[in-house]
Amino acid sequence: MTHKVAILGASGYTGAELVRLIATHPSIEIAALTADRKAGMTMSETFPHLRHLDLPVLQRIESVDFAGIDLVFCALPHGTTHEIVASLPREVKVVDLSAGFRLRDLAAYEKWYGAPHAAPELQEEAVYGLTEFYRDDIRTARLVAGTGCNAATGQFALCPLIKAGVIDLDEINIDLKAGVSGAGRSLKENLLHAELSEGYHAYAVGGTHRHLGEFDQEFSRLAGRPVEVQFTPHLMPANRGILATVHVRGEAEEIHRTLSAAYAGEPFVQVLPMGQHPSTRHVRGSNFVHLGVVGDRRPGRATVIAALDNLTKGSSGQALQNANLMLGEEETAGLMLAPVFP
1 MTHKVAILGA SGYTGAELVR LIATHPSIEI AALTADRKAG MTMSETFPHL
51 RHLDLPVLQR IESVDFAGID LVFCALPHGT THEIVASLPR EVKVVDLSAG
101 FRLRDLAAYE KWYGAPHAAP ELQEEAVYGL TEFYRDDIRT ARLVAGTGCN
151 AATGQFALCP LIKAGVIDLD EINIDLKAGV SGAGRSLKEN LLHAELSEGY
201 HAYAVGGTHR HLGEFDQEFS RLAGRPVEVQ FTPHLMPANR GILATVHVRG
251 EAEEIHRTLS AAYAGEPFVQ VLPMGQHPST RHVRGSNFVH LGVVGDRRPG
301 RATVIAALDN LTKGSSGQAL QNANLMLGEE ETAGLMLAPV FP
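Residues in the sequence shown are numbered consecutively from 1, following full-length UniProt numbering.
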C-alpha cells in the first residue's frame with residue numbers, strides 16, 4: 001500500500017531532510033510540497049542535491065488539495081503551526097516538527113514561547129514524539145508533536161536513568177554543542193561564516209533556552225516530582241550534529257547497565273562499551289543515537305555523552321519514524337541509511 005504525504009515548509013532544512021529520507025521509503029509517496037516565498041519553484045532549484053528526484057512543484061499551503069493525503073509533515077516555524085494544523089481535515093494524520101504542540105501545559109507553553117497557545121483543543125490530543133518512549137501512543141495518534149533536537153539528545157541520555165532512580169535528580173548538568181543547521185535556514189547575521197567559523201559560543205545561558213520546557217515536562221513526569229536540570233547549549237561551527245555531555249552523580253557501571261538494558265533491541269540507539277564515548281561524525285546524516293558512559297576520577301560521579309544528527313534523529317528522521325508507526329509501516333522503513341563518513 002502506498003501512502004501519500006504532504007510536506008508543509010519544504011524549503012527549509014527539515015523539509016529537505018524529509019524529502020531525502022522519503023526518497024528511499026518503499027511505500028510513501030510525496031504528493032505535495034509547500035513553501036511561502038519560494039512557491040512556484042521546483043525543489044531542484046531550491047535544493048540542487050535533490051534534482052535527481054521527480055517531485056511536485058512547491059506551492060502555497062492554501063493551494064494544496066488534501067483529498068487523498070494520508071499524512072502531513074508540518075515543518076513550519078512554531079508560531080504558524082497552531083492555525084495551520086487546526087485547518088487541516090480531521091481525517092489527515094499530522095506530524096508537527098515545530099514546537100507548537102510539545103508542551104502539554106498551556107501555561108508552560110506561554111512561559112517558554114511568549115504567547116498564548118492558539119489551539120488548546122488540539123493540544124489535548126497531541127502525543128509527544130520521542131518515539132522510543134511513546135511508541136504505543138504514537139501508533140494510534142492523529143497528531144504527533146516532534147521534539148526539540150536538543151531536548152531529544154538530553155532525554156536519550158537521561159530518561160532511563162531518571163526512571164530507574166540511579167542518579168541524583170538534583171545534580172544534573174547538560175553541556176550541549178549543536179551544529180548551525182539547528183538554527184534553521186533563514187538569514188541571520190550571527191550565522192554568517194565570518195561570524196561563526198573558527199570558534200564556538202554558549203547561548204541562552206542561565207536557564208532561558210526553550211527546550212528546558214521539554215526537559216522539565218518529561219523528567220518531572222518520570223520522577224514523579226519536579227526536576228530541573230542545568231542546561232547550557234553552545235553553537236559550534238559544524239553543519240550538523242549535537243553532542244551532549246551530561247554530568248551526573250551516580251555509579252558509572254550501574255548507569256551503563258541501566259542504559260544498556262533500556263535500549264536493548266532499539267534499532268536506532270547504540271550504547272557503546274563502558275568507557276567509550278561517541279562523536280557527532282559517527283552519526284552524521286543518520287537516524288542513529290550513540291551513547292557513552294565514562295566514570296569520573298571522583299567516586300560516585302559519571303559522565304554520559306550522547307550524539308545524534310539534529311536534522312535526522314533530532315527532527316526529520318524522528319518524524320518519519322513516527323509516521324511509519326502512524327501509518328502501520330515498519331518503524332525502520334526509509335531510515336536504515338548508514339551514517340556519512342568522513
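Yeah, the Cβ is synthetic: ideal placement off N, Cα and C, and Gly gets one too.
- Proximity of the region 147-156 to the region 303-316 meets the contact definition, three or more beta-carbon pairs being nearer than 8 Å.
- The region 38-49 makes no contact with the region 97-111, as fewer than three CB pairs between them are under 8 Å.
- Listed in chain order, the non-local C-beta contacts of Leu106 below 7 Å within the same chain comprise His117, Pro120 and Gln123, local neighbours out to five positions each way being set aside.
- Assigned with DSSP and collapsed to three states, Met336 falls in coil, not helix or strand.
- The beta carbons of Gly334 and Thr24 sit closer together than 7 Å.
- The way I'd put it, the region 236-254 doesn't touch the region 206-224; fewer than three beta-carbon pairs between them come closer than 8 Å.
- Listed in chain order, the beta strand (DSSP E) runs fully inside the region 170-233 are 172-179, counting runs of at least 3 residues.
- For Gln155, the enclosing alpha helix (DSSP H) stretches over residues Cys149 to Ala164.
- Scanning its chain for C-beta atoms nearer than 8 Å, with the 5 sequence neighbours on each side dropped, one finds around Asp168 the residues Val248, Arg249 and Gly250, in chain order.
- A contact between stretches requires three or more CB pairs, one per stretch, nearer than 8 Å, and the region 225-236 meets this requirement with the region 168-184.
- Taking 7 Å as the cut-off, the beta carbon of Lys177 is found closer than this to the beta carbon of His234.
- With respect to Tyr13, Arg185 sits close: the two C-beta atoms are nearer than 7 Å.
- Under the DSSP assignment, Ala32 falls in the beta strand (DSSP E) whose first and last residues are Ile28 to Thr34.
- Using a Cβ distance threshold of 7 Å, Val95 and Asn239 do not count as a contacting pair.
- With fewer than 16 other CB atoms across the displayed protein chains lying within 10 angstroms of its CB, Leu192 is exposed.
- Gly317: member of the alpha helix (DSSP H) spanning Gly317 to Met326, first to last residue.
- Measuring C-alpha to C-alpha distances from Leu8 to each of Thr2, Val19 and Met1 identifies Val19 as the nearest.
- Looking only at Val289, His49 and Ile28, the smallest Cα-Cα distance to Leu71 is reached by Ile28.
- If you look at Leu143, you'll find it in the beta strand (DSSP E) that goes Leu143 to Ala145.
- In terms of Cβ geometry, Pro339 and His282 form a close pair [threshold 7 Å].
- Between Phe219 and Ile138, the C-beta spacing is not below 7 Å.
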